[in-house]
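S.K.: So that we are looking at the same thing, I have put the structure below in structure tokens.
Number of protein chains: 2
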Amino acid sequence: MCDTGAVSASSLRARVRSEMHQEIKEAARRRLATEGANLSLRAVARDMGLVASALYRYFPSRDALLTALIIDAYDDLGEAAAEAEAAVARDDLRGRWLAACHAVRSWALAHPAEYGLLYGNPVPGYAAPPETVVPASKVILLLAAIAGEAPDVPAGSPPPEPVRADLRRLIDDQGGGLSEERLDRALLAWTHLFGQVNFEVFHRLDDMVQARAEYFGHHMGLLADLAGLP
Amino acid sequence: MCDTGAVSASSLRARVRSEMHQEIKEAARRRLATEGANLSLRAVARDMGLVASALYRYFPSRDALLTALIIDAYDDLGEAAAEAEAAVARDDLRGRWLAACHAVRSWALAHPAEYGLLYGNPVPGYAAPPETVVPASKVILLLAAIAGEAPDVPAGSPPPEPVRADLRRLIDDQGGGLSEERLDRALLAWTHLFGQVNFEVFHRLDDMVQARAEYFGHHMGLLADLAGLP
DNA sequence: GCCGGGTCAAGAACAGTGTTCTCGTCGAGT
DNA sequence: ACTCGACGAGAACACTGTTCTTGACCCGGC
Numbered sequence: 089m090c091d092t093g094a095v096s097a098s099s100l101r102a103r104v105r106s107e108m109h110q111e112i113k114e115a116a117r118r119r120l121a122t123e124g125a126n127l128s129l130r131a132v133a134r135d136m137g138l139v140a141s142a143l144y145r146y147f148p149s150r151d152a153l154l155t156a157l158i159i160d161a162y163d164d165l166g167e168a169a170a171e172a173e174a175a176v177a178r179d180d181l182r183g184r185w186l187a188a189c190h191a192v193r194s195w196a197l198a199h200p201a202e203y204g205l206l207y208g209n210p211v212p213g214y215a216a217p218p219e220t221v222v223p224a225s226k227v228i229l230l231l232a233a234i235a236g237e238a239p240d241v242p243a244g245s246p247p248p249e250p251v252r253a254d255l256r257r258l259i260d261d262q263g264g265g266l267s268e269e270r271l272d273r274a275l276l277a278w279t280h281l282f283g284q285v286n287f288e289v290f291h292r293l294d295d296m297v298q299a300r301a302e303y304f305g306h307h308m309g310l311l312a313d314l315a316g317l318p
Numbered sequence: 089m090c091d092t093g094a095v096s097a098s099s100l101r102a103r104v105r106s107e108m109h110q111e112i113k114e115a116a117r118r119r120l121a122t123e124g125a126n127l128s129l130r131a132v133a134r135d136m137g138l139v140a141s142a143l144y145r146y147f148p149s150r151d152a153l154l155t156a157l158i159i160d161a162y163d164d165l166g167e168a169a170a171e172a173e174a175a176v177a178r179d180d181l182r183g184r185w186l187a188a189c190h191a192v193r194s195w196a197l198a199h200p201a202e203y204g205l206l207y208g209n210p211v212p213g214y215a216a217p218p219e220t221v222v223p224a225s226k227v228i229l230l231l232a233a234i235a236g237e238a239p240d241v242p243a244g245s246p247p248p249e250p251v252r253a254d255l256r257r258l259i260d261d262q263g264g265g266l267s268e269e270r271l272d273r274a275l276l277a278w279t280h281l282f283g284q285v286n287f288e289v290f291h292r293l294d295d296m297v298q299a300r301a302e303y304f305g306h307h308m309g310l311l312a313d314l315a316g317l318p
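Protein sequences, first through last, are from chains A and L. Numbered by our numbering, the letters in the first sequence go through residues 89 to 318 in order. Numbered by our numbering, the letters in the second sequence go through residues 89 to 318 in order.
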């Protein structure tokens, strides 16, 4: 066993350590799925046959574990949306738009607790660390990209000047030649998308709307209209 | 009973008890404002110079106190929206609409923790009791009432049939002669309103949009267009 | 061979939490 | 005057996140 040498030993350590990270996160996700949104470190440790303090070898605090879960969830959600959108013919703008929206909704309904971590109440003592901002922006960037391909400039009142300044700054930051009106409508749709998914995941529509998938699709279609998608 | 003696005595008891209820809720609101969303019963008791178990004379559990706070907050929010809307000339439909929306936003920004109780992550072991549903529906009813006065039927694609069935049921429940299209757009706007306020209160727009009031007003105006308001 | 350094997990401890139960105390009604 | 009910305090229980100490283990270097 010693033939592969010291490098493999240290990398083996690292691999075991990274697997432990993964296993802790998976146990935490299972807890999150069964219990509510309040994650108990001790319960996670119990599920793994460990004692709570042992987890501190791998995550410096409960917040760090939450942060890791949040980043994973953002990545997962963004990937689900991107994959669904990529499966639609490029010239079918409305189809790509609706596919992305429905993918976000489906992921949220399948992972309500993780979704709550992302878009619910911010956890009390917890400030979102800067490394979450990039994975968090995947969905809006996807929507903006689709809106950017819209053939017509969106109808309806254009954004007022102070908002245009913000839009210009955002467009410059992404280095893209998006028009302000199109980004404006992409932001509108993005806000609405998560507003509606919030209501549905948090059971605010339960005894109000039965045909929730159709309701969702209909409204996302109206927002596609507003974004100028054909 | 006999005379004013017993009545006044028992009503004095009841009054003191109800004042105690109010004081506990106010102390809890103060805690909620300074600390995050996790309300500590013991801390509330400490602030009042009491011991935690004494609060159980007035609220059977922490959830019951939260429920009382939630109902108060729904009432407060609904009242703020209704008052702002009532201050606008009746024939200025768009003005009434925007006034209600801005009132919701202002209330939420002024009471972020209480807003989080209403529209954030549902508290883990906590199921919204049925007595919250009436105060919770005040804002959507207000928006629907304004949309119901719209002169034109809203433009754009009408809701598909399964959704129409839900809309019809909702309209019948409220006993009002609202058209399905108008309620559809009111629901759209309601969802968007709270989606946008969520994003703003939960700091999702912090380093994205500077002109947040204008951004909000612009988008609520677009939704007024969609609802057919002149 | 053995020995030191590093990694790991356990366990105890501390300060908190919600909740329940018991035990005095005090005030009002009969 | 006595009784009964409401009230608040305090202890206790089962939890929580976090820190620190202690002991076991493995692995490279002497």
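Backbone N, C-alpha and C define an ideal beta-carbon position, used for all residues, glycine too.
Ends of the alpha helix (DSSP H) at residue 220/L?
M.R.: Where residue 220/L is concerned, there is no enclosing alpha helix (DSSP H), given that its DSSP letter is neither H nor E.
S.K.: Does the beta-carbon of residue 165/L have 16 or more other beta-carbons within 10 angstroms, so that it is buried, or is it exposed?
M.R.: buried
S.K.: Are three or more beta carbon pairs between the segment 247 to 263 of chain A and the segment 251 to 259 of chain L nearer than 8 angstroms?
M.R.: The segment 247 to 263 of chain A is not in contact with the segment 251 to 259 of chain L.
S.K.: I need the boundaries of the alpha helix (DSSP H) containing residue 282/L, first residue and last residue.
M.R.: 268 to 289
S.K.: At a CB distance below 8 angstroms, what residues from the segment 129 to 148 of chain L approach chain A? Give them in sequence order.
M.R.: Listed in chain order, the positions of the segment 129 to 148 of chain L with a beta carbon within less than 8 angstroms of a beta carbon of chain A would be empty, since no residue qualifies.
S.K.: By DSSP, does residue 293/A sit in helix, in strand, or in coil?
M.R.: coil
S.K.: If you draw a straight line from the C-alpha of residue 91/A to the C-alpha of residue 104/A, how long is it?
M.R.: At residue 91/A, the pLDDT of 37 sits below 50, so the modelled position is not reliable and the matter cannot be decided from this model.
S.K.: Taking the C-alpha atoms as reference points, what is the distance between residue 152/A and residue 129/A?
M.R.: Rounded to whole angstroms, the gap between the alpha carbons of residue 152/A and residue 129/A is 11 angstroms.
S.K.: When you check each C-beta in the segment 178 to 197 of chain A against every C-beta of chain L, which residues fall closer than 9 angstroms?
M.R.: The segment 178 to 197 of chain A vs chain L, Cβ under 9 angstroms: nothing.
S.K.: Between 273/L, 274/L, 308/L and 272/L, which lies nearest to residue 284/L when the distance is taken from Cα to Cα?
M.R.: 308/L
S.K.: Would you tell me roughly how many angstroms separate the C-alpha atoms of residue 187/L and residue 195/L, rounded to the nearest one?
M.R.: Residue 195/L has its alpha-carbon roughly 12 angstroms from the corresponding atom of residue 187/L.
S.K.: List the residues of chain L whose Cβ lies closer than 7 angstroms to the Cβ of residue 267/A, in chain order.
M.R.: Simply none; closest approach about 16 angstroms.
S.K.: Alpha carbon to alpha carbon, what distance is there between residue 154/L and residue 93/L?
M.R.: For residue 93/L, the predicted model reports a pLDDT of 39, less than 50, meaning its position is unreliable; a value from the coordinates is still stated below. Cα-Cα distance, rounded: 35 angstroms.
S.K.: Any Cβ of chain A within less than 9 angstroms of the Cβ of residue 254/L?
M.R.: yes
S.K.: Mind pulling the chain A residues with CB within less than 8 angstroms of residue 279/L?
M.R.: 280, 283, 284, 287 and 307, listed in chain order.
S.K.: Under 7 angstroms, CB to CB, which of the residues in the segment 223 to 250 of chain L have a partner in chain A?
M.R.: 244, 245, 247, 248 and 250
S.K.: Run through the segment 114 to 181 of chain L for me and flag every whole alpha helix (DSSP H) of 4 or more residues, listed as ranges in chain order.
M.R.: 129 to 135 and 150 to 174
S.K.: At the 9 angstroms Cβ level, is residue 219/A part of the contact set with chain L, yes or no?
M.R.: no
S.K.: If the cut is a Cβ gap below 8 angstroms, which residues of chain L does residue 107/A touch?
M.R.: Neighbours of residue 107/A on chain L: none; closest Cβ ~29 angstroms, over 8 angstroms.
S.K.: Just to confirm, is the Cβ distance from residue 373/A to residue 132/A under 9 angstroms?
M.R.: Since the first residue of chain A shown is 89 and the last is 318, residue 373/A is not available in this structure.
S.K.: Would you kindly work out how many angstroms separate the C-alpha atoms of residue 315/A and residue 295/L, rounded to a whole number?
M.R.: 23 angstroms
S.K.: Residues in the same chain with beta-carbon distance under 6 angstroms from residue 202/A, minus the five sequence neighbours each way, listed in chain order, please.
M.R.: 161
S.K.: Quick one: residues in its chain with C-beta nearer than 7 angstroms to the C-beta of residue 192/L, no 5 flanking neighbours on either side, listed in chain order?
M.R.: For residue 192/L, where only same-chain residues beyond five positions count, the Cβ hits under 7 angstroms are 165, 169, 227, 281 and 285.
S.K.: Buried or exposed for residue 240/L, going by 16 or more other Cβ atoms inside 10 Å?
M.R.: exposed
S.K.: Determine the direct distance from the alpha carbon of residue 106/A to that of residue 235/L, and round the result to whole angstroms.
M.R.: The alpha-carbon atoms of residue 235/L and residue 106/A are separated by roughly 55 angstroms.
S.K.: Around the Cβ of residue 143/A, are there at least 16 other Cβ atoms within 10 angstroms (buried) or fewer (exposed)?
M.R.: Counting Cβ neighbours within 10 Å, residue 143/A comes out buried, since at least 16 surround it.
S.K.: List, in chain order, every chain L residue whose beta-carbon is nearer than 7 angstroms to that of residue 302/A.
M.R.: 248, 250 and 251
S.K.: I'd like to know if residue 199/A contacts chain L, where contact means its C-beta is closer than 9 angstroms to some C-beta of that chain.
M.R.: no
S.K.: Taking the alpha-carbon of residue 271/L as reference, which of 108/L, 311/L, 180/L and 159/L has the nearest alpha-carbon?
M.R.: 311/L
S.K.: Consider the Cβ of residue 210/A: report whether some Cβ of chain L lies at a distance smaller than 9 angstroms.
M.R.: By this cut-off, residue 210/A is an interface position.
S.K.: Name, going along the chain, the residues of the segment 114 to 129 of chain A whose beta-carbon falls closer than 9 angstroms to a beta-carbon of chain L.
M.R.: 123, 124, 125 and 126
S.K.: Can you give me the C-alpha to C-alpha distance between residue 95/L and residue 113/L, rounded to a whole angstrom?
M.R.: Because residue 95/L sits at a pLDDT of 47, beneath the cut-off of 50, its placement in the model cannot be relied upon, and the point is left open.
S.K.: In chain A, which residues lie less than 8 angstroms from residue 313/L when you measure between Cβ atoms?
M.R.: 244 and 245
S.K.: Using a C-beta to C-beta distance shorter than 8 angstroms, which residues of chain L count as neighbours of residue 264/A?
M.R.: Residues of chain L passing the Cβ test: none, with the nearest at roughly 15 angstroms.
S.K.: Take residue 124/L and list the residues in its own chain whose beta-carbon comes closer than 8 angstroms to its own, dropping the five residues that flank it on each side.
M.R.: Correct list, in chain order: 201.
S.K.: What residue from 156/A, 218/A and 223/A has the CA that sits closest to residue 163/A's CA?
M.R.: 223/A
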